[in-house]
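Basically our numbering = 1-based index in the sequence shown + 344.
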Amino acid sequence: MPLNKGKSREAISKNIKTEMKEGKPQKQAVAIALNQARKSGAKIPKKAKH
Numbered sequence: 345m346p347l348n349k350g351k352s353r354e355a356i357s358k359n360i361k362t363e364m365k366e367g368k369p370q371k372q373a374v375a376i377a378l379n380q381a382r383k384s385g386a387k388i389p390k391k392a393k394h
């Protein structure tokens, strides 16, 4: 199922749920959803590496 195109919290939440239903681990589902939101123009900083 395609992910929602959007940058709102609601769109991100739905995308996470969609990915988890497809069997992805939670961390991976969150990363995919945030990446989609960034592509839609959300100003979400990437996680800093240590």
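Yeah, the Cβ is synthetic: ideal placement off N, Cα and C, and Gly gets one too.
Because the structure is a prediction, the values reported are computed rather than measured.
Worksheet item: Going by Cα to Cα distance, which pick from K368, A386, E366 and K393 is closest to G350?
Response: A386
Fill in: Reduced DSSP secondary structure (H/G/I, E/B, other) of L378
helix
Worksheet entry | Limits of the unbroken alpha helix (DSSP H) element including A386 | Taken as a continuous stretch (DSSP letters only), A386 belongs to no alpha helix (DSSP H), as it is neither H nor E.
Worksheet entry | Under the three-state DSSP convention, the category M364 falls into | helix
Fill in: E366 versus A381 - alpha carbon distance
19 Å
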